[in-house]
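Just so you know, the working numbering puts 412 at position 89 of the sequence shown, and the rest follows in order with no gaps. Note that CB positions come from ideal geometry on N, CA and C, so glycine has one too. Keep in mind the model is a prediction, meaning the values are calculated, not measured. See below for the structure under consideration.
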Amino acid sequence: MNVIQATLRIVSNLFGVVAMLFLAFLMFGITADVIMRGLTGDPLSGVFEMSELSLVMVVFMGAMWAQRDRAHIRVNILSQRLSGRAHRAIMAFGWGCGALALLMLAWPATQEAVYSVSIREFRWGYTQIPIWWTKVGLALGLWFAAIQMICHATFALVQDESDDHQPIAEA
């Protein structure tokens, strides 16, 4: 189990770094674009198009990182009132449902990514930008997040997971 958790941590860190690089592009690229528009009246070529693609990469590459730190929104009104086997079962069920939802998105996303790579899909905007790599990143992010949730579901059955996140009102 420790090997699986360590592997998931390495993959989520790698994906998280990729997400942060795209976030840095969003911050600096858009800032540079705004400055350029202010000075010359013309945008930086491709920044708008890359910003759209960067948003996708931030979300889907950062999903595992957020999940590892339990940063996704969780409603624990039921699970915090349970303990023992019932708590483990409801947590495993919740993680399993999340994994199923991600898998239902990952399969068609993968098919679309394969097609997109096969035709080297690009998008015309102010400039021509390839988008096939973003579709691959989206599919990878979904698959790995689903694997992570499947592992969380399995771990929840084996050992009790605490609901240590307090509502903002109580924090």
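Residues of the same chain with a CB within less than 8 Å of the CB of A462, apart from the 5 flanking positions on each side, are A429, A432, T433, E435 and A436 in chain order. For Q482, no alpha helix (DSSP H) encloses it, and the DSSP letter there is neither H nor E. In this structure the region 344-353 does not touch the region 397-405; the number of beta carbon pairs closer than 8 Å is below three.
According to the DSSP secondary-structure assignment, P453 is paired through a beta bridge with F445. Between the alpha carbons of F371 and R404 lies a distance of about 47 Å.
With the rule of 3 Cβ pairs closer than 8 Å, the region 356-363 does not count as touching the region 379-395. Each residue's CA atom was taken as its position, placing M373 and F478 some 38 Å apart. Residue nearest to L426 within the set A347, G464 and L367 is G464 (criterion: CA-CA distance).
By the 16-neighbour rule on beta-carbons within 10 angstroms, S335 is buried.
The C-beta distance from M472 to A422 rounds to 4 Å, short enough to meet the 8 Å contact threshold.
Shortest Cα-Cα distance from A468 to any of A412, E375 and A389 involves A389. Each residue's CA atom was taken as its position, placing A355 and E375 some 16 Å apart. Counting the other CB atoms within 10 Å of its CB gives S441 a total below 16, which places it among the exposed residues.
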